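**Q** Numbering (mature numbering (1 follows the signal peptide of the UniProt record, and there is no 0)), first residue to last: -23 to -1, 1 to 105.
(1) Taking only three categories from DSSP, how would you classify residue 48?
(2) Among 82, 87, 79 and 71, which one has its Cα closest to the Cα of residue 58?
(3) Would you list the one or two residues that DSSP bridges to residue 97?
(4) Secondary structure at residue 41, three-state DSSP: helix, strand or coil?
(5) My assumption, with CB atoms under 8 Å, is that residue 96 sits in contact with residue 28. Please give the rounded CB distance.
(6) Going along the chain, which residues of its own chain have a beta-carbon closer than 7 Å to the beta-carbon of residue -1, five neighbours each way excluded?
(7) Would the beta-carbon of residue 26 fall within 8 Å of that of residue 17?
(8) Does the structure place the region 8 to 16 close enough to the region 79 to 94 that three or more beta carbon pairs sit under 8 Å?
(9) Below 6 Å CB to CB, which residues in the same chain sit around residue 31 once its five sequence neighbours on both sides are set aside?
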């Protein structure tokens, strides 16, 4: 009986450590990024607004945290002829002005965007 209790306590301690590791904040000391900005978008194929966080690093790189299938994914800027393009593996988040689209490059150009015709929702200014 004591062995089972000890084993169960060890298992719980291990699970608690795993959860803490999953919840830990990602820090890359070599990249000094300024404070994040958050943009909220209304997308044609999503019932709820979509929030995207952006960071600009002092070395010129920029990053975006974009929800992909309900999970946040970190995107890195890539060369773009027009607008801002961010890549995360097979996914591309492309913005131009207040508009954006999230596509799956492996799905092909004929596949519909995962986030389509997104338009940034500008916060309403309080009257003075």
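Ideal Cβ positions, reconstructed from N, Cα and C, are used throughout, including at glycine. If you're wondering where the values come from, they're calculated on a predicted model, not measured in any experiment.
**A** Straight from the coordinates:
(1) To locate residue 48, count along the chain shown from 1; it is residue 71. Note: residue 48 maps to strand in three-state DSSP.
(2) Numbered from 1 along the chain shown, position 81 holds the residue referred to as residue 58. When only C-alpha atoms are compared, the closest one is 71.
(3) Position 120 of the chain shown, counted from the first residue, corresponds to residue 97. DSSP output for residue 97 lists 18 as bridge partner(s).
(4) Indexing the chain shown from 1 puts residue 41 at position 64. The answer is strand: DSSP assigns residue 41 an E or B state.
(5) Here residue 96 is taken as the residue at index 119 of the chain shown, counted from 1. Here residue 28 is taken as the residue at index 51 of the chain shown, counted from 1. About 14 Å separates the CB atoms of residue 96 and residue 28; that is not less than 8 Å, and the two are not in contact.
(6) If you number the chain shown from 1, residue -1 lands on position 23. Because residue -1 sits at a pLDDT of 46, beneath the cut-off of 50, its placement in the model cannot be relied upon, and the point is left open.
(7) Locating residue 26 in the chain shown gives position 49, counting from the first residue. Locating residue 17 in the chain shown gives position 40, counting from the first residue. Going by C-beta atoms, residue 26 is nearer than 8 Å to residue 17.
(8) Cβ pair count under 8 Å is below three, so no.
(9) As a first step, residue 31 must be located in the chain shown, where it is residue number 54. 14 and 41.
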